[in-house]
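Numbering-wise, the sequence shown is residues 7 to 370 according to the numbering used here.
Glycine residues also receive a C-beta, built at the ideal position from the N, C-alpha and C atoms.
Note that this is a predicted model, so its numbers are computed, not measured.
Here the structure is laid out as structure tokens; the discussion comes afterwards.
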Amino acid sequence: MDNYEYSELLKELKNKISNVEAIIKPKILMTRLAEIEKTEQDPALWVDAKKAAQIGREKTKISNILAKFKKAQNELNDAKEFYELAVNENDGETINELFKESAKLSENIANLELSMMLSGENDDKNAIINIHPGAGGTEGEDWAGMLYRMYVRFCERVGYKIEILDFQEGDEAGIKDVNFIVKGENAYGYLKVESGIHRLVRISPFDSAGRRHTSFASVVVSPELDDDIQINIDEKDLRIDYYRSSGAGGQHVNKTESAVRITHIPTNIVVQCQNDRDQHKNKASAMKVLKSRLYELEKLKKQEESNKTPKSDIAWGYQIRNYVLFPYQQVKDLRSNIAYSQAEAILDGDIKKILEDVLINNQS
Numbered sequence: 007m008d009n010y011e012y013s014e015l016l017k018e019l020k021n022k023i024s025n026v027e028a029i030i031k032p033k034i035l036m037t038r039l040a041e042i043e044k045t046e047q048d049p050a051l052w053v054d055a056k057k058a059a060q061i062g063r064e065k066t067k068i069s070n071i072l073a074k075f076k077k078a079q080n081e082l083n084d085a086k087e088f089y090e091l092a093v094n095e096n097d098g099e100t101i102n103e104l105f106k107e108s109a110k111l112s113e114n115i116a117n118l119e120l121s122m123m124l125s126g127e128n129d130d131k132n133a134i135i136n137i138h139p140g141a142g143g144t145e146g147e148d149w150a151g152m153l154y155r156m157y158v159r160f161c162e163r164v165g166y167k168i169e170i171l172d173f174q175e176g177d178e179a180g181i182k183d184v185n186f187i188v189k190g191e192n193a194y195g196y197l198k199v200e201s202g203i204h205r206l207v208r209i210s211p212f213d214s215a216g217r218r219h220t221s222f223a224s225v226v227v228s229p230e231l232d233d234d235i236q237i238n239i240d241e242k243d244l245r246i247d248y249y250r251s252s253g254a255g256g257q258h259v260n261k262t263e264s265a266v267r268i269t270h271i272p273t274n275i276v277v278q279c280q281n282d283r284d285q286h287k288n289k290a291s292a293m294k295v296l297k298s299r300l301y302e303l304e305k306l307k308k309q310e311e312s313n314k315t316p317k318s319d320i321a322w323g324y325q326i327r328n329y330v331l332f333p334y335q336q337v338k339d340l341r342s343n344i345a346y347s348q349a350e351a352i353l354d355g356d357i358k359k360i361l362e363d364v365l366i367n368n369q370s
């Protein structure tokens, strides 16, 4: 790196900071933070525990955003001042040190950009994920199983935890359906971009003639909602079925109708849970998933209305990514329009870069 390249880098990073500033509006956030601190001094606030908790979460969120912004802004200002001083004094040692630190400075500001992209209303919540194979029998079920493994491996890489709500094995391979919760910082913020149809092209291991097959699987991602978020569901709109669990869990699970399937008739959304031996706990978990799905569906409808976007473009059923394993290896996301050559690594959970590229594309 030379002086010209470093000067251009500082300009680029300054533009990024300015873009973040335009998005978060620090002055407005500081005003709101002062209002919250004043509200906290009122003893009446603490009478309502839910409201106090909500205010506390908002304060923490605003404080974290401001702290990250100020830290990145100060780091950039310091680098600019040190550089100008070193150039004026012809201090080559300091200039070289700044060059060495440039990658870290760029990374810190990139992390700031990403944190702003993950500052949406529900981005900090856990994610509830459903994977369901498309038509194609064993081939589709195997592909759904591959996607499930991809997300499990991703969670292991980034330190997220998984809680399985419902897991139905395929007849020969893969899965017929799976519901699970991903728990961790910004889990929904990262994984929300995975909602849609995932398409696989490969030589099928289940075809003795060695022919190429195309398989599809749907992924639905919704936030795990807090208890203070009210979703009104009319009981008459629900069909609730109880059945014997088909999964692991011992003889008790298989002999009693502990598994629960809930169908929301107006939307035809079906959720089920069989991870617990207690029918009531399974029903509560299934209702939690249903509420999250309905909340996400309503949000998508509002987005459609405000953006005047065709429903087919924002619904859970649209194709978002192609995974090609034959005749070449490539994974291409149809939103960012970026192709990745490391298909095997991606299927092994290395998807963080893909998620971030989509988030950046959606922000621009």
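Asked: Every unbroken alpha helix (DSSP H) within the stretch 15-88, with a cutoff of 4 residues, ordered by chain; Found: 32-46
Asked: Beta carbon of Asp232 nearer than 8 angstroms to that of Gly180; Found: no
Asked: Expected contact under 8 angstroms - CB spacing of Val364 and Ala349 to nearest Å; Found: Actually they are not in contact, since the Cβ atoms of Val364 and Ala349 sit about 17 angstroms apart, beyond 8 angstroms.
Asked: Close Cβ partners of Ser210 (< 6 angstroms) along its chain, the five nearest in sequence each way excluded; Found: Glu145, His219
Asked: The stretch 160-176 in contact with the stretch 277-286 per 3-pair CB rule at 8 angstroms; Found: yes
Asked: Inter-residue Cα distance where the pair is Glu27 and Ala85; Found: 19 angstroms
Asked: 8 angstroms Cβ cutoff met for Leu111 and Glu90; Found: no
Asked: Three-pair Cβ contact test at 8 angstroms for the stretch 104-119 versus the stretch 132-140; Found: no
Asked: Buried/exposed call for Tyr194, threshold 16 Cβ in 10 Å; Found: buried
Asked: Gln257 classed as buried or exposed, judged by whether at least 16 other C-beta atoms fall within 10 angstroms; Found: Any reading at Gln257 must be qualified, since the residue scores a pLDDT of 40, below 50, and its modelled position is unreliable; the value itself is stated next. Gln257 should be labelled exposed.
Asked: Which listed residue (Gly216, Lys182, Ile30, Asn132) has its alpha carbon closest to that of Leu120; Found: Ile30
Asked: Cβ-based neighbour list, Leu16, same chain, cut-off 8 angstroms, excluding 5 preceding and 5 following; Found: Leu82, Ala85, Lys86, Tyr89
Asked: Presumed contact (8 angstroms Cβ cut-off) between Met156 and Leu353, rounded CB distance; Found: 5 angstroms
Asked: Where Gly202 falls, given that 16 or more other Cβ within 10 Å makes a residue buried; Found: buried
Asked: Among Glu11, Lys74, Lys198, the one whose alpha carbon lies nearest that of Glu302; Found: Lys198
Asked: DSSP state of Arg327 mapped onto helix, strand, coil; Found: strand
Asked: Minimum C-alpha distance to Ser125 - residue among Phe75, Lys167, Ser298, Lys44; Found: Phe75
Asked: Reduced DSSP category for Leu206 - H, G, I as helix; E, B as strand; rest coil; Found: strand
Asked: The alpha helix (DSSP H) enclosing Val164, as first and last residue numbers; Found: 144-164
Asked: Residue environment, Asn192, which counts as buried when at least 16 other CB atoms sit within 10 Å; Found: buried
Asked: Residue from Glu311, Phe186, Asn368 whose Cα sits closest to the Cα of Ser298; Found: Phe186
Asked: Cβ neighbour criterion (16 or more within 10 Å) applied to Arg63; Found: exposed
Asked: Cβ-based burial, Ile115 [other Cβ within 10 Å; buried from 16]; Found: buried
Asked: Whole-angstrom distance between Arg163 and Lys358, CA atom to CA atom; Found: 9 angstroms
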